Amino acid sequence: MADNVASLFRGTAAHSPSMAALARESDGVGPIDFCIPCNPYFPTPGMFDELAGRLREIITYYPSSADTITAELCALLQLPPSCVAMGNGSTELITWIDHLLVRESLAIPVPTFGRWTDQPMETGKRVDMFPLMESNGFALDPAQYIEFIRARGTRVAVICNPNNPDGGFLSRRAVVNFMDQLQDLDLIVIDESFLEFADAESDPSVVEEAVLRPNVIVLRSLGKNFGLHGIRFGYLVANPALAGKIRSMLPKWNLNSFAETVVFMLKEHGAEYMESLHLVRRDRLDMARQLSALPGLTVYPSQGNFLFVRLPVGAEGTVVRDRLLSEHRILVRECGNKIGSSSRFLRLVVRPETDVRRLVSGMEQVLYGSRRGAAVPELGTGTSYSSGTAAVDRLISETNGVGMPLAAQAAAMPSLPPAQTWPGPAPAQAPTGMPGLVPAPAPAAAMMPPQQQPAARMPAPAPPQQQPMPAVAQMPGVAQMPGVAQMQPGPQMQPAAQMMPQAPPMSAVAQMAQMAQAAQAQAQRQQAPIPAVAQAPSPAAQAQARSMQPPPQAPAMPAMAPAPAAGLGQTGMPGLRNRGLTAAQVRGRTEPEPAPQPTGWPAAGAMYNQVG
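Quick note: the sequence shown, position 307, residue 572 per the numbering used here, numbers continuous.
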C-alpha cells in the first residue's frame with residue numbers, strides 16, 4: 266500500500282480516496298476510518314443483519330417512487346410532504362439548488378464543504394468566499410458575514426451549521442436573526458447536515474422557520490446521521506413553492522431500494538438512533554481530551570461528529586496522512602485541498618475509544634517518534650515544506666508572536682511565588698476590542714467545577730520603581746478547549762501566558778485597602794511609558810479576600826489594575842484565566858449529557874429535546 270498512497274490521494278481532487286479503492290490496495294481490508302464523518306453506532310448490528318437477510322430482494326427489484334419514500338420519512342419526522350424533497354445524497358440537492366435557484370452569485374464562509382464552493386463555480390456563478398480566521402478559532406461572526414454579503418452584493422447566502430471541517434456552531438437565535446436581516450436575498454441555505462450531533466442547545470434546527478419563509482432552504486443529511494454514506498440519501502425542507510420546484514426536477518427513481526428499506530425500518534429503531542447520538546457526543550469529548558494531550562497539537566471545539574486539529578509547528582499534513590495510512594493503517598482527512606484551510610490541518614472523525622487510542626498512538630509515533638524520522642523537526646533543522654509557512658511558524662514559535670524572543674520575555678518578568686489555590690470563580694473581564702476576538706459568556710453547562718480549575722498564582726510584590734512587561738496573551742489561533750486537558754507545550758512552544766498568570770480577584774474591601782498604596786506609587790510612575798503591575802495586597806487583605814466573594818456588580822477600581830497591552834485580551838471564564846481564549850473556545854458543552862430515555866422516533870423540529 267505504501268507505494269500507492271500518494272497516487273491515490275493525487276487522483277481524488279478535493280476529496281479522499283474511497284474506502285473501496287483503499288481496500289483494493291490492501292488485500293480487501295480497509296484502514297481504520299477517521300476520514301468519513303458517519304455515525305459509528307447506527308445502524309445497529311441487528312439492523313445490518315436484517316438488511317443482509319433481505320439483500321436479494323433489495324437489489325433485484327425497483328424501489329417505490331420518491332413520493333412514497335418521502336411520505337414515509339415525513340410521517341416519521343412530522344413534516345408536511347409538500348415542504349420536503351428527498352435526493353440521492355445532499356450533493357444532488359446542492360446541484361439542483363445551484364441550477365434552479367442561484368442566478369449569479371453565492372456567498373459561503375470558508376473553509377467549508379467543498380461542493381458549496383465547487384458546484385457554483387462549475388456552472389459559472391460568482392462565489393464570494395468569506396474567510397473564517399484561524400486567529401478567531403474559525404468562528405463565524407454573523408454580523409461581519411452580513412456586512413460582507415452586502416458589500417459584495419451577493420444574492421444567495423449559505424451557512425453550514427455545524428460547519429465542516431471545523432465543527433463551528435451558531436445558535437438557533439443567531440441563525441434566525443441572520444435570516445431576518447437578509448429577507449431580501451434570492452435564497453438563504455442553512456446546511457444542517459451535522460446538526461443532530463450538536464448538543465450546545467436543546468432545539469437548534471430552523472426547519473420550522475424554513476417552512477414559513479419565502480427564501481429559506483434547510484438541507485439535512487441521512488447518510489451521515491445514520492452511518493450509511495453508501496446509500497446516498499438526504500432531504501431539504503422549504504416552503505411548498507421552493508420544495509416543489511426542486512422536487513419537480515429530480516429524476517424518477519432517484520432514490521434506491523436500500524434507501525427505501527432503511528426509511529421504512531426507522532420507525533422501529535428510534536430509541537437506538539437517539540442512543541447512538543448520545544454515544545457520539547460522549548466520544549467527542551473523550552477524543553478531544555486525548556488529542557489535546559499531544560504536544561503542540563491544537564484541537565478546536567466542535568459540535569459535529571469530527572474534530573478539526575492543527576498539527577504542531579513544522580509538521581506537514583500530507584506527510585502525516587500518508588505515514589498514518591501506510592505505517593499504521595489509519596485514514597485521516599488532510600485539509601490542504603480545502604479552500605480557506607492548509608496542510609497544517611486535519612479533520613478527524615469521532616470514533617469509539619478503542620480506535621481513538623490507536624489513532625493517538627499512531628500520531629505520537631509519526632509526529633515525535635525517533636527524531637530522525639519524526640514529522641515534527643527539532644528547532645533549527647528546517648521542515649519538509651517550503652511555502653513560507655515554515656518560516657512564519659518558526660518566527661511565531663520563537664517570539665510568541667509579539668516580536669520579542671521568549672528568553673527576553675522571561676528575563677523581563679518578575680519572579681513568582683509558589684502557586685496558591687484561589688477559591689471561587691474569576692470575575693468577568695471587559696472586552697478589549699481586539700480585532701477578531703469576540704468575548705462571549707460561557708454557557709452554564711460549560712462551567713468547570715472549582716475542583717477542576719487550575720491553580721492561580723499570586724504575583725510577587727513589585728516596588729514602585731520596577732516596571733515589568735505586561736502579561737503577553739497566548740499566541741493567536743492556539744485554542745485551548747474548555748473542559749479538555751491542556752496541551753503540554755513542546756520545546757518549540759513556550760506560551761508566555763503560562764509564565765505570567767493572572768492575579769486572583771480581589772474583594773472591594775481589599776481594593777480599598779490597596780488604594781492608598783497605589784496612589785503613592787502612582788506619583789512615582791508619572792513618567793513611565795509602560796504601566797506597572799499593582800502591588801499585591803497585604804496578608805490581612807489576602808485573608809479577608811479569600812473569605813469574601815466579590816460583589817456581583819462591583820465595578821473595578823480604575824487605578825488598581827494595570828492597563829492591558831494593546832491588542833491583548835483576556836477572558837472571564839472560570840478556571841481558564843489569562844489564556845487568550847477566542848469566541849470559538851466557549852462554543853458547545855464540556856460535559857456529556859446523561860443517558861437519554863427516548864420513546865419513539867422524534868420529530869424533525871424537536872428531535873433534540875430528548876437528548877439535549
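Just so it is clear, CB atoms sit at the ideal spot from N, CA and C, and this is done for glycine as well.
Since we're looking at a predicted model, the values are computed, not measured.
Here residue 302 is near residue 570, since their CB atoms are less than 9 Å apart. Nearest in C-alpha terms to residue 410, of all of 383, 439, 517 and 431, is 439. Using a Cβ-Cβ distance cut-off of 8 Å, the segment 493 to 508 and the segment 344 to 354 are in contact, since at least three pairs of beta carbons, one from each stretch, lie closer than that value. Taking a 10 Å sphere around the C-beta of residue 381, we find 16 or more other C-beta atoms and assign the residue as buried. With distances taken between CA atoms, residue 515 lies nearest to 331 out of 331, 403 and 505. Around the C-beta of residue 398, 16 or more other C-beta atoms lie within 10 Å, and the residue is accordingly described as buried.
Taking 4 residues as the shortest admissible run, the segment 433 to 495 contains the following complete alpha helix (DSSP H) segments, listed from N- to C-terminal end: 437 to 446, 472 to 477 and 488 to 491. Taken through DSSP and simplified to helix, strand or coil, residue 340 comes out as helix.
Nearest in C-alpha terms to residue 535, of all of 298, 306 and 295, is 306. Excluding five sequence positions before and after residue 507, the CB atoms of its chain that fall closer than 7 Å to its own CB belong to 482, given in chain order.
Out of 389, 384, 362 and 416, the CA that lies nearest to the CA of residue 395 is found in 416. Note on residue 453: 16 or more other CB atoms within 10 angstroms of its CB, so buried under the neighbour-count rule. Rounded to the nearest angstrom, the Cβ distance from residue 372 to residue 393 is 4 Å, consistent with a contact under 8 Å.
Looking at the DSSP output, residue 598 shares a beta bridge with 612. DSSP places residue 391 in the uninterrupted beta strand (DSSP E) bounded by 391 to 396. In summary, residue 463 is buried, with 16 or more beta-carbon neighbours lying within 10 Å of its beta-carbon over all protein chains present. Non-local C-beta neighbours of residue 346 in its own chain, meaning closer than 7 Å and more than five positions away in sequence, comprise 335, 336 and 339, ordered along the chain.
From the listed residues 383, 589, 304 and 455, the smallest Cα separation to residue 548 is found for 304. In this structure residue 574 is not in contact with residue 586, their Cβ atoms being roughly 12 Å apart against a cut-off of 8 Å.
At a Cβ-Cβ threshold of 9 Å, residue 542 and residue 466 do not count as neighbours. Using a Cβ distance threshold of 9 Å, residue 418 and residue 427 do not count as a contacting pair. Between the alpha carbons of residue 486 and residue 592 lies a gap of roughly 33 Å. Within the same chain, Cβ atoms closer than 6 Å to the Cβ of residue 606 are found at 376 and 600, the five residues on either side in sequence being excluded. The beta-carbon distance between residue 640 and residue 580, rounded to whole angstroms, is 5 Å. This is short enough to meet the 8 Å contact definition.
Under a 10 Å Cβ-count criterion, residue 532 is classified as exposed, with fewer than 16 other Cβ atoms of the shown protein chains found around its own Cβ.
Residue 451 places its beta carbon less than 9 Å from that of residue 366.
With respect to the 9 Å criterion, residue 595 and residue 297 are classified as neighbours on the basis of their beta carbons. Residue 385 holds the alpha-carbon nearest to the alpha-carbon of residue 370 among 360, 379, 361 and 385. C-alpha of residue 494 to C-alpha of residue 299: approximately 14 Å in a straight line.
Distance check between residue 521 and each of 310, 327, 318 and 312 places 327 closest, using alpha-carbon atoms only. The DSSP-derived three-state label of residue 298 is strand. In the three-state scheme derived from DSSP, where H, G and I count as helix and E and B as strand, residue 313 is classed as helix.
When the alpha-carbon of residue 356 is set against those of 550, 582 and 496, the nearest one is in 496. Here residue 624 is buried. Its C-beta has 16 or more other C-beta atoms within 10 Å.
Cα atoms of residue 526 and residue 316: separation of roughly 8 Å, rounded to the nearest angstrom. Going by DSSP, residue 572 is part of the beta strand (DSSP E) stretching over 571 to 575.
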